[in-house]
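In what follows, a single structure is set out as structure tokens and then discussed.
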Amino acid sequence: MKPGKRLHYFDMLKGLAIFLVVMGHVLTMCIRDIDRALLFKIIGQVHMPIFFFISGYFTYKLTADGKTVMPRLGQRFMQLVIPGIIVGLIFMVYFPHSGLQSPFDMSFNGMWCTEYKNGYWFTITLFLIILLYSGFARVLDAVGSVGGRIGATAALWIVLIVLDGCFESEMWWKLLSLKLVVTFFPAFMAGVFAKASGEAFMEMIKARGVYTGSLIIAGLCFYILAYRWEFPSFHSLIFLVAEPVMHVALAIVGLRLVEPWSREAFADTASPLARRFASMWQYIGSKSLSIYLLHYFFLFPLPVLQDPLRGMALDIVPTLTVSVIVASLVVAVTLLVNAIISRSPLLARLLTGSN
336 MKPGKRLHYF DMLKGLAIFL VVMGHVLTMC IRDIDRALLF KIIGQVHMPI
386 FFFISGYFTY KLTADGKTVM PRLGQRFMQL VIPGIIVGLI FMVYFPHSGL
436 QSPFDMSFNG MWCTEYKNGY WFTITLFLII LLYSGFARVL DAVGSVGGRI
486 GATAALWIVL IVLDGCFESE MWWKLLSLKL VVTFFPAFMA GVFAKASGEA
536 FMEMIKARGV YTGSLIIAGL CFYILAYRWE FPSFHSLIFL VAEPVMHVAL
586 AIVGLRLVEP WSREAFADTA SPLARRFASM WQYIGSKSLS IYLLHYFFLF
636 PLPVLQDPLR GMALDIVPTL TVSVIVASLV VAVTLLVNAI ISRSPLLARL
686 LTGSN
């Protein structure tokens with residue numbers, strides 16, 4: 336890979352992931368009370384690990400002498416935390432006028448004293464993981480072997496799990512959404528290790544059987560996690576391990592699907608239609624943070640669809656059709672508003688984290 340060359344497939348994967356985020360919110364906030372739909376369960380397990388994996392991949396950098404480059408925490412704080420807080424507070428004021436219902440506590444208490452921050456948890460959680468990584472990177476530098484680095488990462492994750500068990504009911508733990516830090520730290524570090532391996536990781540996921548195995552593993556772990564009440568005899572450790580395993584498997588599946596698509600779509604021999612379609616997803620992915628922060632404002636109530644979808648047993652085809660159509664409208668309006676906001680550097684920085 337040439338220095339400075341943008342990897343189209345990562346943007347395309349982010350585009351697909353953020354579109355899934357909006358689809359999930361269409362089901363849970365626009366239509367409501369159909370959370371048992373299979374599509375909703377799939378979306379809920381798939382999209383966020385992709386973002387943490389990609390964030391880890393692009394956070395990892397090395398100096399000329401092979402030392403880890405420390406993330407610019409001030410810059411990441413301004414990019415992630417400040418917009419998350421400001422837009423979250425604005426949405427809290429806007430929500431009573433939206434006509435929407437929400438599984439969250441849409442109050443000041445819900446914004447500050449719950450893990451999910453009225454839906455704006457991602458930016459804070461990602462910043463805290465980057466902060467944790469910036470301190471842990473020195474340990475990784477001191478450990479020579481790949482096995483040792485993976486072992487050190489696993490040890491840190493176990494420590495985080497123990498701390499979560501001790502403090503999960505404490506207000507300050509919820510205030511910082513630290514349970515979510517514990518959940519997504521392995522996906523972020525998987526991205527770090529993938530980047531550290533250079534081309535070896537991308538070659539590995541192209542190897543025969545890796546995609547099939549990852550798809551099977553992701554499917555099995557998804558079933559165990561989404562329907563855990565069907566496995567009453569399973570030890571809690573199985574659920575604990577299944578989650579990061581599924582996250583890594585999903586990242587492999589996602590890249591294995593999107594990388595060849597990107598290569599073919601942006602080849603000189605690609606048709607204009609194929610290139611435009613891929614470029615659309617690349618563009619959406621390049622604006623994924625803005626879409627995440629702004630799209631809540633453009634969701635609209637659709638309770639009239641609850642009974643028809645239940646009448647079709649919440650089948651994946653009708654729920655997919657409805658969520659794709661509505662999500663497309665929401666994303667289009669969000670991108671339009673983001674283009675308007677981007678004309679003001681100050682508003683772009685405060686509301687979307689753009690420089």
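Using the numbering used here, read the sequence shown as starting at 336 and increasing by one per residue. All residues carry an ideal CB built from backbone N, CA and C; glycine is no exception.
Quick check: what's the CA-CA separation for residue i versus residue j?
| i | j | result |
| --- | --- | --- |
| S623 | L463 | 19 Å |
| R543 | S549 | 11 Å |
| I459 | Q414 | 10 Å |
| K376 | V356 | 12 Å |
| C556 | A577 | 5 Å |
| S614 | L572 | 42 Å |
| L655 | A399 | 48 Å |
| R610 | F632 | 31 Å |
| G533 | T547 | 22 Å |
| E595 | G350 | Here the sequence assigns Pro to residue 595, which means Glu is not the residue at that position. Each residue's alpha carbon lies about 16 Å from the other. |
| G419 | H382 | 19 Å |
| V481 | L640 | 51 Å |
| P653 | M647 | 8 Å |
| G339 | I425 | In this prediction, G339 has a pLDDT of 42, which is less than 50 and means its spatial position is unreliable; what the coordinates show is noted afterwards. Rounded to the nearest angstrom, the two C-alpha atoms are 36 Å apart. |
| L649 | L374 | 9 Å |
| A586 | I378 | 14 Å |
| M347 | M427 | 31 Å |
| G620 | P680 | 20 Å |
Determine whether the Cβ of residue i lies closer than 8 Å to any Cβ atom of chain B.
| i | result |
| --- | --- |
| L671 | The structure shown has no chain B; it contains just one protein chain. |
Excluding sequence positions up to five away, which residues of its chain have a Cβ less than 6 Å from the Cβ of residue i?
| i | result |
| --- | --- |
| S658 | M358, V361 and L362 |
| V478 | R484 and A487 |
| H343 | S597, F601 and Q617 |
| H582 | P384 and A522 |
| S625 | N673 and T687 |
| M405 | S469 |
If you follow the alpha helix (DSSP H) that residue i is in, where does it begin and where does it stop?
| i | result |
| --- | --- |
| A489 | V481 to F502 |
| N444 | F443 to W447 |
| Y631 | Per DSSP, Y631 belongs to no alpha helix (DSSP H) and is neither H nor E. |
| F457 | W456 to A477 |
Skipping 5 residues on each side, what residues in its chain have a beta carbon closer than 8 Å to that of residue i?
| i | result |
| --- | --- |
| T403 | Y395, K396, L397, A472, R473, L475 and D476 |
| Y392 | F345, G526, V527, A529 and K530 |
| K514 | E450, D499, E503 and W508 |
| E599 | A605 and A609 |
| I559 | F566, F569, I573, F574 and A577 |
| L685 | I417, P418 and I421 |
| L671 | none |
Helix, strand or coil for residue i, going by three-state DSSP, please let me know.
| i | result |
| --- | --- |
| S677 | coil |
| E505 | coil |
| T604 | coil |
| D642 | helix |
| A522 | helix |
| Q617 | helix |
| S689 | coil |
| P595 | helix |
| E450 | coil |
| L511 | coil |
| M647 | coil |
| K530 | helix |
| L585 | helix |
| P653 | helix |
| G434 | coil |
| F439 | coil |
| L590 | helix |
| P575 | Note on residue identity: the sequence assigns Leu, not Pro, to residue 575. DSSP places L575 in helix when its eight states are reduced to three. |
| L664 | helix |
Once the 5 residues before and after residue i are set aside, which same chain residues still bring their CB inside 7 Å of it?
| i | result |
| --- | --- |
| A683 | I676, S677 and S689 |
| V580 | I552 and C556 |
| G454 | F439 and Y631 |
| C448 | M506, K509 and L510 |
Report the start-end ranges of each alpha helix (DSSP H) in the segment 346-419 that is 4 residues or longer and not cut off at the edges. Here the runs fully enclosed are 373-394 and 408-411.
Jot down the residue ranges of each uninterrupted alpha helix (DSSP H) in the segment 539-572, minimum 4 residues, whole runs only, in chain order. Runs found: 545-561.
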